[in-house]
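What follows is a set of notes on a single structure, which appears directly below.
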(Lines of atoms letter the chains of each structure in order from A; the text may use other names.)
(Lines give C-alpha, C1' and ligand atoms only; values in the text may rest on other atoms or scores of the structure.)
Protein backbone atom coordinates (compact mmCIF):
# COMPACT_ATOMS: atom_id res chain seq x y z
CA UNK A 157 0.00 0.00 0.00
CA UNK A 158 2.63 2.56 1.02
CA UNK A 159 5.07 1.52 -1.70
CA UNK A 160 2.39 2.08 -4.39
CA UNK A 161 2.16 5.82 -3.71
CA UNK A 162 3.95 8.31 -5.95
CA UNK A 163 6.35 10.87 -4.46
CA UNK A 164 3.78 13.65 -4.03
CA UNK A 165 1.25 11.38 -2.32
CA UNK A 166 3.98 9.87 -0.15
CA UNK A 167 5.22 13.29 0.91
CA UNK A 168 1.66 14.33 1.76
CA UNK A 169 1.26 11.14 3.80
CA UNK A 170 4.53 11.77 5.64
CA UNK A 171 3.63 15.36 6.45
CA UNK A 172 -0.02 14.84 7.41
CA UNK A 173 -0.26 11.37 8.89
CA UNK A 174 -0.65 10.64 12.60
CA UNK A 175 0.96 7.20 12.05
CA UNK A 176 -1.83 5.50 13.98
CA UNK A 177 -2.53 3.03 11.19
CA UNK A 178 -1.37 -0.52 11.59
CA UNK A 179 1.80 -0.36 9.54
CA UNK A 180 4.30 -3.12 9.16
CA UNK A 181 7.87 -2.55 10.33
CA UNK A 182 9.12 -2.70 6.74
CA UNK A 183 6.57 0.00 5.78
CA UNK A 184 7.82 2.17 8.62
CA UNK A 185 11.40 1.59 7.50
CA UNK A 186 10.42 2.52 3.93
CA UNK A 187 8.73 5.70 5.21
CA UNK A 188 11.83 6.61 7.19
CA UNK A 189 14.10 6.20 4.16
CA UNK A 190 11.72 8.18 1.96
CA UNK A 191 11.52 10.94 4.58
CA UNK A 192 15.33 11.06 4.66
CA UNK A 193 15.36 11.27 0.84
CA UNK A 194 12.81 14.13 0.75
CA UNK A 195 14.61 15.97 3.55
CA UNK A 196 17.91 15.87 1.67
CA UNK A 197 16.31 17.20 -1.51
CA UNK A 198 14.43 20.01 0.23
CA UNK A 199 17.35 20.94 2.46
CA UNK A 200 19.64 21.09 -0.58
CA UNK A 201 17.21 23.37 -2.40
CA UNK A 202 16.93 25.60 0.64
CA UNK A 203 20.72 25.87 1.01
CA UNK A 204 21.08 26.62 -2.70
CA UNK A 205 18.44 29.36 -2.53
CA UNK A 206 20.06 30.78 0.60
CA UNK A 207 23.49 30.99 -1.04
CA UNK A 208 22.02 32.59 -4.19
CA UNK A 209 20.21 35.21 -2.12
CA UNK A 210 23.38 35.85 -0.10
CA UNK A 211 25.36 36.46 -3.28
CA UNK A 212 22.62 38.73 -4.61
CA UNK A 213 22.61 40.64 -1.33
CA UNK A 214 26.39 41.13 -1.49
CA UNK A 215 26.09 42.45 -5.07
CA UNK A 216 23.38 44.89 -4.01
CA UNK A 217 25.51 46.10 -1.08
CA UNK A 218 28.45 46.68 -3.44
CA UNK A 219 26.19 48.58 -5.82
CA UNK A 220 24.89 50.69 -2.94
CA UNK A 221 28.45 51.56 -1.86
CA UNK A 222 29.46 52.59 -5.39
CA UNK A 223 26.32 54.68 -5.85
CA UNK A 224 26.89 56.38 -2.49
CA UNK A 225 30.46 57.18 -3.49
CA UNK A 226 29.30 58.60 -6.82
CA UNK A 227 26.66 60.69 -5.03
CA UNK A 228 29.30 62.14 -2.69
CA UNK A 229 31.55 62.93 -5.66
CA UNK A 230 28.70 64.69 -7.49
CA UNK A 231 27.77 66.70 -4.38
CA UNK A 232 31.40 67.77 -3.96
CA UNK A 233 31.61 68.81 -7.62
CA UNK A 234 28.34 70.73 -7.30
CA UNK A 235 29.58 72.56 -4.19
CA UNK A 236 32.85 73.47 -5.97
CA UNK A 237 30.95 74.88 -8.96
CA UNK A 238 28.60 76.80 -6.71
CA UNK A 239 31.55 78.32 -4.83
CA UNK A 240 33.13 79.27 -8.15
CA UNK A 241 29.93 81.00 -9.29
CA UNK A 242 29.45 82.74 -5.92
CA UNK A 243 33.00 84.05 -6.21
CA UNK A 244 32.02 86.04 -9.35
CA UNK A 245 28.68 87.23 -8.04
CA UNK A 246 30.17 89.07 -5.09
CA UNK A 247 33.12 90.78 -6.79
CA UNK A 248 33.18 94.10 -8.63
CA UNK A 249 34.10 94.34 -12.28
CA UNK A 250 37.39 95.91 -13.26
CA UNK A 251 37.58 98.79 -15.71
CA UNK A 252 38.82 96.59 -18.57
CA UNK A 253 36.06 94.02 -17.92
CA UNK A 254 33.46 96.74 -18.10
CA UNK A 255 34.98 98.19 -21.23
CA UNK A 256 35.33 94.88 -23.10
CA UNK A 257 32.13 93.37 -21.76
CA UNK A 258 33.99 90.19 -20.86
CA UNK A 259 34.98 88.72 -17.54
CA UNK A 260 38.57 87.78 -16.88
CA UNK A 261 37.86 84.27 -15.67
CA UNK A 262 40.74 82.61 -13.94
CA UNK A 263 40.05 79.18 -12.50
CA UNK A 264 41.35 79.28 -8.95
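In our numbering, the protein residues as written are 157 to 264.
For every residue, glycine included, the Cβ atom is placed at its ideal position computed from N, Cα and C.
Test item: CB-CB of residue i and residue j under 7 Å
i           : j           : result
residue 190 : residue 166 : yes
residue 178 : residue 158 : no
Own chain partners of residue i with C-beta closer than 6 Å, once the 5 adjacent residues on each side are dropped
i           : result
residue 170 : 191
residue 194 : 167
Residue i, buried or exposed, once every other Cβ within 10 Å from all chains shown has been counted against 16
i           : result
residue 263 : Any reading at residue 263 is ruled out, since the residue's pLDDT is 48, under 50, leaving its predicted position unreliable.
Cβ of residue i within 7 Å of any chain D Cβ
i           : result
residue 246 : Here there is only one protein chain, and chain D is not present.
Contacts around residue i, its chain only, beta-carbon distance under 8 Å, and the 5 residues preceding and following it disregarded
i           : result
residue 173 : none
Run through the segment 232-257 for me and flag every whole beta strand (DSSP E) of 3 or more residues, listed as ranges in chain order. Correct list: empty.
Identify every run of the alpha helix (DSSP H) within the segment 170-245, keeping only runs that are complete inside it and at least 4 residues long; order them along the chain. Counting only runs of at least 4 residues, the segment 170-245 fully encloses the following alpha helix (DSSP H) elements, listed from N- to C-terminal order: 181-245.
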